[in-house]
Amino acid sequence: MERIDERDTMFARAHYKKDSTVYKDYYAKNPEKKDIDDSFRTRPELLEEGTTTYNALNSPIAGSAFAFLRDIKDLCEGEVSPIKIDGNSKTFTKKIKGIASLYGACMVGITKLEKKHIYTHKGRSEEDYGQEVNLDHKFAIAFACEMDIDMVNRAPMISEVIATSKSYVDVAVIGMIISYYIRSLGYEARNHVDANYLVMPALIAEDAGLGQIGRNAILTNKDYGSRFKLGVVTTNLPLDIDEKIDFGLEDFCKVCKKCALTCPTQSLSRESKINKDNKYNWTVDVETCYEKWRYLGTDCGMCISVCPFSQNLESIKKYSSFKKNGVAIQDVLDEYKRKFGTRVFVPGNPSWLR
């Protein structure tokens, strides 16, 4: 798998300030992306006045969470204790998973850190734009925090992005505690949080056994669907790794297509062709997707809410796998249709936001 340059990600591109040194460098190398990216810059930012979901009291709730995440990014790395505590991988693994669960993670898994997980270059901030990423940690700890189902089911309205921001904060705090703990034992550890990643959490979490990446290009779990956010801590602390899982998501997504059919900008692939890596070629048109975000003022989230696995359906609990199991897939889709029709949607805001 070819490694990704963070400078090319939509979140990085959209925030290069016009006529800045970074802006000039990037579009000199990528002129084909300049016009579309410049069009985003004419629109209000997410959560800002001028977007369709903006509310002077509610939008700053999510905005404050993201501001907090920006303020703590310098805490992601820190001094390692000169005194190394002896222990074995089994004991260390038990402690790390226990901490993650205690602080609210609904899932936690561990994998070996591979080159494919790591960005080639940094791109999200001007001060380190273009720096080559060098990360020699051996292991990656992936964990997830669930997003409130009632809030997510109001997507693409403001409630959804408030739930999103809350879960980003949750995983950031868990990652801070774990990384501080590991460094106190005398081992290197780095927390990877929103807007300060050196790695791609979804790829790591898939390899760590937390789920599979489906048609919506988001990690999906049998119990939680896509309704969670991921955190990652990388480290050289000896740990036991987990196995990848396969609950038949590819077979399910091939039939379901709810995310692709519901996407308001048709940014998700509706086809199911196999690529050279023997994977389905499910892609996201990041430009049209992000354009909708800037119009709405939220991160949309409709592809998360419409996923049947996000909805705690009873039929899903009946089956351990959907691999080559058309009867099980249809059973789930039938229950979904009975309960929600074309798609789940809870209108308005919860009472505390009204």
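Residue numbering for the sequence shown is 1 to 354, as defined by UniProt numbering. Ideal Cβ placement from N, Cα and C applies to all residues, glycine included. From a predicted model like this one, the values you see are computed outputs, not experimental measurements.
**Prompt:** Starting from Leu237 and walking both ways along the beta strand (DSSP E), at which residues does that stretch end?
**Reply:** Position 237 of the sequence shown, counted from the first residue, corresponds to residue 237. Here Leu237 belongs to no beta strand (DSSP E), and DSSP marks it neither H nor E.
**Asked** Are three or more beta carbon pairs between the region 141–160 and the region 105–116 nearer than 8 Å?
**Response** With contact defined as three or more Cβ pairs closer than 8 Å, the region 141–160 and the region 105–116 are in contact.
**CB-CB length for Phe247 against Ser321, believed under 8 Å** = Taking the first residue of the sequence shown as 1, we reach residue 247 at position 247. Taking the first residue of the sequence shown as 1, we reach residue 321 at position 321. Right, their Cβ atoms sit about 5 Å apart.
**Asked** Taking the Cβ atom as the reference point for each residue, do Tyr54 and Gly297 lie within a distance shorter than 9 Å?
**Response** Translated into the one-based positions of the sequence shown, residue 54 becomes position 54. Translated into the one-based positions of the sequence shown, residue 297 becomes position 297. Here Tyr54 is near Gly297, since their CB atoms are less than 9 Å apart.
**Prompt:** Excluding sequence positions up to five away, which residues of its chain have a Cβ less than 8 Å from the Cβ of Asp38?
**Reply:** Stepping through the sequence shown from its first residue, residue 38 is reached at position 38. Setting aside the 5 residues that flank it on each side, Asp38 is surrounded in the same chain by Lys18, each with a C-beta closer than 8 Å to its C-beta; the list follows chain order.
**Reference Asp5, options Lys33, Met200 and Ser272, closest by Cα** = Numbered from 1 along the sequence shown, position 5 holds the residue referred to as residue 5. Relative to the Cα of Asp5, the nearest Cα in the group Lys33, Met200 and Ser272 belongs to Met200.
**Asked** How many whole angstroms separate the CB atoms of Cys307 and Cys259, which I take to be in contact at a CB cut-off of 8 Å?
**Response** Along the sequence shown, one-based indexing puts residue 307 at 307. Along the sequence shown, one-based indexing puts residue 259 at 259. Right, their Cβ atoms sit about 6 Å apart.
**Asked** DSSP state of Gly78, grouped into three classes?
**Response** Here the question's residue 78 lines up with position 78 in the sequence shown. Looking at Gly78 - three-state DSSP - the assignment turns out to be coil, as it is neither helix nor strand.
**Asked** Where does Thr53 sit, in a helix, a strand or coil, going by DSSP?
**Response** As a working note, residue 53 is residue 53 in the sequence shown. In the structure shown, Thr53 sits in coil (DSSP, three-state: anything other than H, G, I, E or B).
**Prompt:** Out of Ile304, Ser89 and Lys34, which has the shortest C-alpha to C-alpha gap to Leu237?
**Reply:** In the sequence shown, the residue the question calls residue 237 occupies position 237. Measuring from the Cα of Leu237, the nearest candidate turns out to be Ser89.
**Item:** Candidates Ile245, Ile85, Tyr197 and Gln131, of which the one nearest Thr220 by Cα
**Value:** Taking the first residue of the sequence shown as position 1, residue 220 is located at position 220. The option with the nearest alpha carbon to Thr220 is Ile245.
**Item:** Residues bridged to Thr111 [DSSP beta-bridge criterion]
**Value:** As a first step, residue 111 is located in the sequence shown; it is residue number 111 there, counting from the start. According to DSSP, Thr111 bridges with Ala140.
**Request:** Put residue 357 into one of helix, strand or coil per three-state DSSP.
**Result:** With the chain represented from 1 up to 354, any question about residue 357 goes unanswered, as that position is not in the structure.
**Selection from Ser272, Val152 and Arg13 that minimises the alpha carbon distance to Ala28** = Taking the first residue of the sequence shown as position 1, residue 28 is located at position 28. The shortest C-alpha separation from Ala28 is found at Arg13.
**Request:** Specify the secondary structure class of Thr220 as computed by DSSP and reduced to three states.
**Result:** Translated into positions along the sequence shown, residue 220 becomes position 220. Strand at Thr220.
**Message:** Quick check on this structure: which residue in Lys115, Asp86, Leu185 and Cys303 has the alpha carbon closest to the alpha carbon of Met1?
**Reply:** If you number the sequence shown from 1, residue 1 lands on position 1. Closest by alpha carbon: Lys115.
**Prompt:** Thinking C-alpha only, which one of Thr283, Lys73, Lys254 and Glu291 is nearest Ile329?
**Reply:** Locating residue 329 in the sequence shown gives position 329, where the first residue counts as 1. Ranked by Cα distance from Ile329, the options Thr283, Lys73, Lys254 and Glu291 are led by Lys254.
**For Glu335, the nearest candidate out of Lys318, Lys323 and Val346 (CA to CA)** = Along the sequence shown, read from residue 1 onward, the residue named residue 335 stands at position 335. Of the listed residues, the one whose Cα sits closest to Glu335 is Lys318.
**Message:** Quick check on Lys318: does DSSP put it in helix, strand or coil?
**Reply:** Residue numbering aside, residue 318 sits at position 318 when the sequence shown is read from its first letter. Three-state DSSP puts Lys318 in coil, outside helix and strand.
**Asked** Between Trp50 and Asn30, what straight-line distance do the alpha-carbon atoms span, to the nearest angstrom?
**Response** As a position in the sequence shown, residue 50 is number 50, starting the count at 1. As a position in the sequence shown, residue 30 is number 30, starting the count at 1. For the record, residue 50 in the displayed sequence is Gly; it is not Trp. Looking at the backbone, the Cα of Gly50 and that of Asn30 are separated by about 29 Å.
**Asked** DSSP three-state call for Glu203: helix, strand or coil?
**Response** Sequence index remark: in the sequence shown, residue 203 carries index 203 (1-based). For the record, residue 203 in the displayed sequence is Leu; it is not Glu. Leu203 sits in a helix when the DSSP states are folded into three classes.
**Message:** Is it buried or exposed, Pro60, if we count other Cβ atoms within 10 angstroms and call 16 or more buried?
**Reply:** Numbered from its first residue, the sequence shown carries residue 60 at position 60. When all chains shown are included, Pro60 counts as exposed.
**Request:** Take the Cβ of Asn312 as the centre, count every other Cβ of all protein chains shown within 10 Å, and call the residue buried at 16 or more, exposed below.
**Result:** Mapped onto the sequence shown, residue 312 falls at position 312. That one is exposed.
**Asked** Looking only at its own chain, which residues have a Cβ that is under 8 Å from the Cβ of Trp293, when we skip the five neighbours before and after it?
**Response** Against the sequence shown, residue 293 aligns to sequence position 293. Around Trp293: Leu46, Asp299 and Cys300.
**Prompt:** Is the Cβ-Cβ distance between Val284 and Ser305 less than 9 Å?
**Reply:** By 1-based counting over the sequence shown, the position of residue 284 is 284. By 1-based counting over the sequence shown, the position of residue 305 is 305. At least 9 Å separates the beta-carbon of Val284 from that of Ser305.
**Prompt:** When the Cα atoms are used, what is the spatial distance from Asp112 to Lys166?
**Reply:** Translated into the one-based positions of the sequence shown, residue 112 becomes position 112. Translated into the one-based positions of the sequence shown, residue 166 becomes position 166. The identity of residue 112 in the sequence shown is Lys, whereas the question assumes Asp. Going from the Cα of Lys112 to the Cα of Lys166 covers about 28 Å.
**Request:** Can you grab the Cα-Cα spacing for the pair Asp207 / Asp242, in whole Å?
**Result:** Along the sequence shown, read from residue 1 onward, the residue named residue 207 stands at position 207. Along the sequence shown, read from residue 1 onward, the residue named residue 242 stands at position 242. Their backbone Cα atoms lie some 8 Å apart in a straight line.
**Asked** Quick one, are the C-beta atoms of Ala205 and Arg70 less than 9 Å apart?
**Response** On the sequence shown, position 205 is the one that residue 205 refers to. On the sequence shown, position 70 is the one that residue 70 refers to. It is not a contact, given that the beta carbons lie outside the stated cut-off.
**Request:** Output the boundary residues of the alpha helix (DSSP H) element that contains Arg294.
**Result:** Along the sequence shown, read from residue 1 onward, the residue named residue 294 stands at position 294. It spans Val286 to Leu296 - the alpha helix (DSSP H) in which Arg294 sits, taken as one unbroken run.
**Asked** Is Arg190 helix, strand or coil when you go by DSSP?
**Response** In the sequence shown, counting from the first residue as 1, residue 190 sits at position 190. Annotated three-state conformation of Arg190 is strand, per DSSP.
**Asked** If you draw a straight line from the alpha carbon of Tyr23 to that of Gln131, how long is it in whole angstroms?
**Response** Along the sequence shown, read from residue 1 onward, the residue named residue 23 stands at position 23. Along the sequence shown, read from residue 1 onward, the residue named residue 131 stands at position 131. Straight-line Cα distance between these residues: approximately 15 Å.
**Request:** Closer than 6 Å by C-beta to Ile316: which residues in its own chain qualify, once you throw out the five before and the five after it? Chain order, please.
**Result:** As a position in the sequence shown, residue 316 is number 316, starting the count at 1. So the list reads Val332, once near-sequence residues are dropped.
**Message:** In this structure, how does DSSP classify Glu145 when only helix, strand and coil are distinguished?
**Reply:** Indexing the sequence shown from 1 puts residue 145 at position 145. According to the sequence displayed, residue 145 carries Cys and not Glu. Here Cys145 sits in strand by DSSP.
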